[in-house]
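Below is one structure, written out as structure tokens, with a few remarks after it.
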Amino acid sequence: MNFNKAPLALLTALVLSSGAAFAVDDPVTPPAAASAVGGSGKVNFIGSIIDAPCSLDAESKDQTVRMDEISNKTLANQGESSMQSFNIELKQCDISKMKKVKVTFGGDADITDPTLLGIAGSAKGAGIALTNGSGAQVKLGEASAARTLLEGNNTLAFGAFLRGTTAKDVAVTPGEFTATANFMLAYE
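Residue numbers (mature numbering (1 follows the signal peptide of the UniProt record, and there is no 0)): -23 to -1, 1 to 165.
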């Protein structure tokens, strides 16, 4: 027997395509367009478990304090900018054993005035002073006075301002700056 393959191929194609057409209308099998990927991504989780009476709020761990656009005239002759407040938030404190906390700030000190946090960038002639909640300047690398904790959540208030470091009548160089202060908590 000799079969002509063209009619057989055509019949096979019609059967397959009609089956596919019925599958689209089948309520059990959704159309291919309905199951198309509309986007994807991932969620990363990071953190650490610490041996401490309080949890450190994630917003406090890495934060940015925006300083004003400060005139170089304001900073001339060791002038100071206005204070910008920031907080370290402690959560779910259990003060049954440790009732106080000290905070130590570190970072690159200003070359001219080592009591200030140094700035990097095109701006020159100023540094950042850090203060505790009562406005007293915090010394870099030295633990603050111990603060008494309350059971539950606690807010440790701090502040920062820019201070000019140039010699008298020497202009502060305008430009952008950044600075990074690290902090460490010590409970007692």
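Just so it is clear, CB atoms sit at the ideal spot from N, CA and C, and this is done for glycine as well.
Given the structure is predicted, the values throughout are model-derived calculations rather than measurements.
Identify whether residue i lies in helix, strand or coil by the three-state DSSP scheme.
{"i": "ALA134", "result": "strand"}
{"i": "LEU52", "result": "helix"}
{"i": "ALA97", "result": "strand"}
{"i": "ALA120", "result": "strand"}
{"i": "GLU36", "result": "helix"}
{"i": "VAL78", "result": "strand"}
{"i": "GLY15", "result": "coil"}
{"i": "ALA148", "result": "coil"}
{"i": "GLU57", "result": "strand"}
{"i": "PHE22", "result": "coil"}
Hey, out of the options, whose CA is closest to residue i's CA?
{"i": "ALA120", "options": "GLY56, LYS76, PHE160 and GLY24", "result": "PHE160"}
{"i": "GLY118", "options": "GLY129, ASP85 and LYS145", "result": "ASP85"}
{"i": "GLN69", "options": "GLU46, ALA103, SER111 and ASP34", "result": "ASP34"}
{"i": "ILE23", "options": "ALA29, LYS38 and GLY110", "result": "LYS38"}
{"i": "ALA144", "options": "GLY15, SER32, ILE65 and LYS101", "result": "LYS101"}
{"i": "PRO151", "options": "ALA103, THR92 and GLN61", "result": "ALA103"}
{"i": "GLU128", "options": "ILE96, VAL80, THR81 and ASP71", "result": "ASP71"}
{"i": "THR92", "options": "GLY110, GLN114 and SER48", "result": "GLN114"}
{"i": "SER32", "options": "ASN49, ASN130 and ALA106", "result": "ASN130"}
Cβ atoms of residue j and residue i: under 8 Å apart, would you say?
{"i": "LEU139", "j": "LEU67", "result": "no"}
{"i": "ALA137", "j": "VAL78", "result": "no"}
{"i": "GLY98", "j": "GLU153", "result": "yes"}
{"i": "GLY94", "j": "ALA156", "result": "For the record, residue 94 in the displayed sequence is Leu; it is not Gly. Yes, Cβ-Cβ distance for LEU94 and ALA156 is below 8 Å."}
{"i": "GLN55", "j": "GLY112", "result": "no"}
{"i": "ALA53", "j": "ALA148", "result": "yes"}
{"i": "MET44", "j": "SER25", "result": "no"}
In the DSSP output, which residue or residues are listed as bridge partners for residue i?
{"i": "GLU66", "result": "THR132"}
{"i": "ASN159", "result": "GLY83"}
{"i": "GLY104", "result": "GLY95 and ARG140"}
{"i": "THR125", "result": "LYS77"}
Can you name, in chain order, every residue of its own chain whose Cβ lies under 6 Å from the Cβ of residue i, other than the five neighbours on each side?
{"i": "THR125", "result": "LYS77"}
{"i": "SER(-6)", "result": "Confidence at SER(-6) is low in this model, with a pLDDT of 46, below 50, so the placement of that residue should be treated as unreliable; the coordinate-derived value is given next. Counting only Cβ-Cβ distances below 6 Å, and skipping sequence neighbours, we find nothing."}
{"i": "PHE63", "result": "VAL42 and PHE135"}
{"i": "LYS116", "result": "none"}
{"i": "THR89", "result": "THR142"}
Can you list, in chain order, the residues of its chain with a C-beta nearer than 7 Å to that of residue i? Leave out the 5 residues immediately preceding and following it.
{"i": "MET75", "result": "PRO30, TYR164 and GLU165"}
{"i": "GLN40", "result": "PHE63"}
Got a sec: is the Cβ-Cβ distance from residue i to anything in chain C below 8 Å?
{"i": "ASP90", "result": "Absent from the structure: chain C. Only one protein chain is present."}
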